[in-house]
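Chains as they are written, first to last, in our numbering: chain W, 1 to 350; chain P, 1 to 350; chain B, 1 to 350; chain X, 1 to 350.
Heads up, the thing below is written out as structure tokens.
There are 4 protein chains.
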Amino acid sequence: MGSTFGKILKLSIFGESHSPAIGGVMEGLPSGSTIDSDRLHVFMQRRAPSTHVSSTTRMESDSVEFLSGVLNGKTTGTPLAFIIRNSDFRREDYSDISSVPRPGHADYTGKIKYYGYNDPSGGGHFSGRLTAPLCCAGGIAIQLLEKEGIRVSARIVRIGAVTDVSEFCEESAQPVPIKMLDEIEKARAEGDSLGGIIECSINGLPAGLGDPMFDGLENTISQAVFAIPGVKGIEFGDGFRLAEMKGSQANDAFCVNDGRISHLSNHAGGINGGISNGMPVVVRLAVKPTPSISLLQQSVNMDTLEETSISVHGRHDACIVPRAVTCAEAACALAILDAILLRRSEAYGH
Amino acid sequence: MGSTFGKILKLSIFGESHSPAIGGVMEGLPSGSTIDSDRLHVFMQRRAPSTHVSSTTRMESDSVEFLSGVLNGKTTGTPLAFIIRNSDFRREDYSDISSVPRPGHADYTGKIKYYGYNDPSGGGHFSGRLTAPLCCAGGIAIQLLEKEGIRVSARIVRIGAVTDVSEFCEESAQPVPIKMLDEIEKARAEGDSLGGIIECSINGLPAGLGDPMFDGLENTISQAVFAIPGVKGIEFGDGFRLAEMKGSQANDAFCVNDGRISHLSNHAGGINGGISNGMPVVVRLAVKPTPSISLLQQSVNMDTLEETSISVHGRHDACIVPRAVTCAEAACALAILDAILLRRSEAYGH
Amino acid sequence: MGSTFGKILKLSIFGESHSPAIGGVMEGLPSGSTIDSDRLHVFMQRRAPSTHVSSTTRMESDSVEFLSGVLNGKTTGTPLAFIIRNSDFRREDYSDISSVPRPGHADYTGKIKYYGYNDPSGGGHFSGRLTAPLCCAGGIAIQLLEKEGIRVSARIVRIGAVTDVSEFCEESAQPVPIKMLDEIEKARAEGDSLGGIIECSINGLPAGLGDPMFDGLENTISQAVFAIPGVKGIEFGDGFRLAEMKGSQANDAFCVNDGRISHLSNHAGGINGGISNGMPVVVRLAVKPTPSISLLQQSVNMDTLEETSISVHGRHDACIVPRAVTCAEAACALAILDAILLRRSEAYGH
Amino acid sequence: MGSTFGKILKLSIFGESHSPAIGGVMEGLPSGSTIDSDRLHVFMQRRAPSTHVSSTTRMESDSVEFLSGVLNGKTTGTPLAFIIRNSDFRREDYSDISSVPRPGHADYTGKIKYYGYNDPSGGGHFSGRLTAPLCCAGGIAIQLLEKEGIRVSARIVRIGAVTDVSEFCEESAQPVPIKMLDEIEKARAEGDSLGGIIECSINGLPAGLGDPMFDGLENTISQAVFAIPGVKGIEFGDGFRLAEMKGSQANDAFCVNDGRISHLSNHAGGINGGISNGMPVVVRLAVKPTPSISLLQQSVNMDTLEETSISVHGRHDACIVPRAVTCAEAACALAILDAILLRRSEAYGH
């Protein structure tokens, strides 16, 4: 349980930070869909550590090898499997984690859950490295969505104390504002780390996607997005600010636009009753600060039950938010594509 | 799709606001579990409209009839089905919704999704009334959890501009503070409505519950909680405030307490890597203002595509937050009980 | 787990032989589908005991009450729930089953599985009575399939020593041949019972339905059909006779018929690689003799662990095969309709 | 859809006959389970072509590479992924299949299903080669079952006209009787092929495994076993012979054996109401003759819609039954292990 997502488009992710390879299997991809490997590589590089200042010094080429499900650049319709080799791994860096858990990581919970048999190196299956297969699968989903005129784009709206107050701009791969980079660099210099807020917008969605109650777009996007390590909150449209608003302010009134029904505002983030209403779906994610910091923290030796202190060295990001932007797009795209495929079955008889 | 939740404990909810009955089927409940009908009734009455000031005047006894799966007050282990008859329904109140959708409701999205065949009366399957079977199922889950020493309790921390700054108190069924009731009454008098924030705490959980990536506690609690109409945001632990914190502030350091590993703080809300760490699981939900307001709003006649205005009369709450508190407890309990049942299979060989 | 079937069209069945009601919830039915209640009633009556000679004397009107999901005779698209009240139940008939299990029934396995908390009366959830909701759901599925030109029809090809050697006739609701009725009557007079073989044919299917490996039509039809109590074998096309044939005899050669690709024979029963090939899907089921017989059988008192003997009185069929014919059609129809709905998602982009 | 199996133990299989690799992902394996790679290799070699007389001349070492989920020879509890490289593949052998389908294969149905985008070489994802990952996963399951004292063993009971009338012998890896090998050799010499019947017995199962209705052991074993290409029928216990028996002959009377409840016979094949009764679970499979034969067969050119003839050369088995024996054990073991893991959740509170 855990590493599988989707109802029609089923994604199964595997691997550990320091296993021979990580990867995924995608079942339910429509046949005959073109996969542009070059664009997929560009998308995945946005997540890759090497392209980010203030990022981990672990170098991974993150080159994807397709094992099945693709023929002449098109999906066959049968399971598409891909792997990414872990080339630059150093088990010794994490040799002591198995007894002294790093605060804020899953070292402790993973050990309890798997009765001590989990792979502790680099967080094992809990590592942020597992977002590479997530981005590979999501990058494929994005390519399919684009053919339907659906665009998924995320940006950073806050890092630490710095907020971006600019208008929303529907464009992917926007550069991180200088002020935010400075904020990150400052935290790194202190041996500390930062979190932030990401906003993801999905434009061009038709109305009618999603299901009531437990399988609304809010439910399924949440299920996908909380797979990104460090995400601790999600809101749609005006989200938590809705708690302070009145109904007359929060409701999105209807209007007619170019002969089609539309809305005068988008406080609901494009979703009513779990179902898309034709407005952009707007999602915001809270990302906690990277738990790996070199500052001394109190921990416990799980074998001896003695309190001790730990300073996390090794290679890690002072702020993962810039890299998580790509992950957010990937996770949202997977949820949306699955909803679109499900929607097909409803058209039966219509 | 949509109205089914859970992996081991599967809940299927059915009904419409004005169908003959609403109800649910619970599959996977362990056999031999005692169901205290009286306490279940008390729990469900906390959600029921009649018990809330400023609430809808629709009167429903919400009495549960068990159809199967219970024998001599104990679960048989086979599917437990229950229904709640809809006694006080008035289809005429909603006769015009099918052409003029109410802003903020699922009238429009439901019509698109179901190609015009959905039941529009009172929102049909999207009605808040469907939280009655959710609370019935959740109330049963709560009774099972209590036997494991797990307590689920929610309270209101904000309604409109009024916030509750008191310490967290682990007690269910706390009365709504007077100031909040006044705030609601004021909005009602204006023909308007209010939203708020609910905090739910799950205490007594063992460490090790939940799965990595897509089936962590955050993912599954979110899937359950977004089934409550009006919820537009969720956060765990310090949630969105984590975006402003540094790693050194956000990490929960380990300590030894009474010979057991514990944490010095709970910024993570009891969850690391999707898995419970033994601290209370703390969830906060943003609930939007009730969309039903008597103030005039702009809408569109879906048949003629002409803009028009609508004032929502009928019976509705000026603020559903007080009733949603019970729903939050129910939804969280279902997610947690399912995680506990799943956990059993992992103990294989240990 | 257990009483839920389907991927897009999800059916959840509940109830016990002597619970207040039995029923089902169907999720994923396309909206706007007409349900002809009269024809559904006729279909269900084919299963009902009252209409069969040599059948149980338990009288049940089996009238279906729709609780949700139907409006003006058409599906709304949201969960369709229905119940059938158990009117004629007599718990006392089965008072001793809880300690002395009936051979061939699930009394013993049910008690073990549910740790003694299962409802033993009439077999509880394992009762053949649970095929009433199966037939209700399947009858609805058949009505939808008919609109696509797909016909599901089953007949008895063997009861005890009597076989039907007539040509296949694609017609539903064929009368049971007199010789078979005589055979049943003879067994009943001896206090014994009989089994038989049912053949079900699904005509008018397009090629391309079903999925490879674990979700082929053979896999999913089997999953549906083994839900009928007493079914102990299933075969497709020539089935077990294929073991005696050579490849040159067993292969279905291709031909062109009216400008379309077809086959010269149908040894494969319309399925290759789990996927329909356009020929009729032919399924044969082995049904064991009714385990309830009045002849003395050896059993064990589960409380005292003493061997004892049991003669099963109460009301039961000397041969359930005539009634199981309808169940076979229902189960097959559910599997096929689900495959058709799944197929829609594959058409994405084509 | 299609290549995924299991509820707790989820297996996802991928690959094509001539893709770079085939493999699988197993999620839900209990942590800390020892995997004996040498014994797994021996198990898989029983399926491998090289070890069978009269088998395909395609040589594959079938060596398994574990990519994740195993550490120091034990499962970590997180997804276990493995691949098997396709070394000896020759796409040219199948260059004409894409237009002229081989009778009895999935060439035609695969092309329809995937709109012509499937990989036709060697049957692509429908190839018998995909049973290699099935056997790898099943071989792992068998090792876990053995620790519980559960043994899965299959043997051939019929090939063509030759039947094995010997007593059941609970032993895995029994040699194929000489008479059967002669029968196969004779068919091969004629350019033809043979099918047969495999019997699989699962010994040492506790009573209480499996679920009612759609998830009984019969349903789930069927779902697993029909994943083996060529299986066209399945029966449990006396299966189709039960159709000719009377209740007094077919029922398994209870007895007390060594102070424990047992049965005097096993006509039901160890399953009542879908649930194991403590007797050996006995499954028999009908396997059709290998469709690949060199004798001329009629087919159709799918591009030109002209009838033509085809003689299937390339490398293939004259009878796959000897190799399918291992696959049957693997498929049954996966279904049983999943049922055992599910059973754990039922023990809640007991």
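Ideal placement from N, C-alpha and C gives every residue a C-beta, glycine not left out.
For the alpha helix (DSSP H) assignment, the uninterrupted runs of no fewer than 4 residues enclosed by the stretch 212 to 237 of chain B are, from N- to C-terminal side, 217 to 225. Going by beta carbons, alanine 207 of chain B and serine 121 of chain B fall outside the 8 Å limit. Contacts with chain X (Cβ-Cβ distance below 9 Å) from the stretch 263 to 287 of chain P involve no residue at all.
Comparing alpha carbon positions, the residue from X:Leu296, X:Ile142 and X:Gly160 closest to alanine 154 of chain X is X:Ile142. With 16 or more other Cβ atoms inside 10 Å of its own Cβ, valine 283 of chain P counts as buried. Under the DSSP definition of a beta bridge, isoleucine 198 of chain B partners with B:Ile156 and B:Leu285. Burial state of proline 175 of chain W is exposed, judged by a 10 Å Cβ sphere holding fewer than 16 other Cβ atoms. Excluding residues up to 5 positions away in sequence, Ser17 lie with their Cβ nearer than 6 Å to the Cβ of arginine 129 of chain P in the same chain. Taking 8 Å as the Cβ-Cβ cut-off, the stretch 215 to 237 of chain P has no residue approaching chain B. Asparagine 86 of chain X is outside the set of residues whose beta carbon lies under 8 Å from a beta carbon in chain B.
Contact between the stretch 317 to 325 of chain X and the stretch 329 to 340 of chain B is absent: fewer than 3 CB-CB pairs across the two stretches fall below 8 Å. What histidine 313 of chain P touches in chain W, judged by beta-carbon distance under 8 Å, is nothing: the nearest beta carbon there is about 14 Å away. Listed in chain order, the non-local C-beta contacts of leucine 264 of chain B below 6 Å within the same chain comprise Ala253 and Cys255, local neighbours out to five positions each way being set aside. Following the DSSP letters along the chain, one finds isoleucine 336 of chain P inside the alpha helix (DSSP H) bounded by residues 321 to 346.
Close to isoleucine 8 of chain B, with beta-carbon spacing below 7 Å, are these residues of chain W in chain order: Ser345.
At least one C-beta of chain X is nearer than 8 Å to the C-beta of isoleucine 293 of chain B. Among the residues facing chain B, proline 30 of chain W is included, as its CB has a counterpart in that chain under 8 Å away. Closer than 8 Å to the CB of asparagine 118 of chain W there is at least one CB belonging to chain X. Taking the C-beta atoms as reference points, alanine 187 of chain B is found no nearer than 8 Å to leucine 181 of chain B.
Of P:Tyr115, P:Ser299 and P:Val157, the smallest CA-CA separation from glycine 349 of chain W is found for P:Tyr115.
Leucine 295 of chain B carries a coil assignment under DSSP once its states are collapsed to helix, strand and coil. In this structure isoleucine 22 of chain W is in contact with serine 68 of chain X, their Cβ atoms being roughly 7 Å apart against a cut-off of 8 Å. In this chain, the alpha helix (DSSP H) harbouring lysine 179 of chain X covers 178 to 189.
Linking asparagine 219 of chain B to valine 225 of chain X through their CA atoms gives a straight-line distance of about 8 Å. With respect to leucine 295 of chain P, aspartate 215 of chain P sits apart: the two C-beta atoms are not nearer than 8 Å.
Taking a Cβ-Cβ threshold of 8 Å, none of the residues of chain B is close to leucine 341 of chain X; the smallest such distance is about 11 Å. Rounded to whole angstroms, the Cβ separation of methionine 302 of chain P and serine 99 of chain P is 5 Å, and the two are in contact under 8 Å. Under the 8 Å criterion on CB atoms, proline 212 of chain B is classed as interfacial with respect to chain W.
With 16 or more neighbouring CB atoms inside 10 Å of its own CB, threonine 109 of chain P falls in the buried class. A residue is called buried when at least 16 other Cβ atoms come within 10 angstroms of its Cβ; glycine 73 of chain B does not meet this threshold and is exposed.
DSSP places glycine 270 of chain W in the coil class of the three-state scheme, outside both helix and strand. Assigned with DSSP and collapsed to three states, leucine 305 of chain W falls in coil, not helix or strand.
Chain-ordered, the chain P residues with CB closer than 7 Å to the CB of threonine 78 of chain X read Pro212. Selection W:Asp164, W:His41 and W:Thr75 evaluated against leucine 29 of chain W yields W:Thr75 as nearest (Cα-Cα). In the DSSP assignment, alanine 81 of chain X falls within the unbroken beta strand (DSSP E) covering 80 to 85. Per DSSP, reduced to three states, the secondary structure at threonine 131 of chain P is helical.
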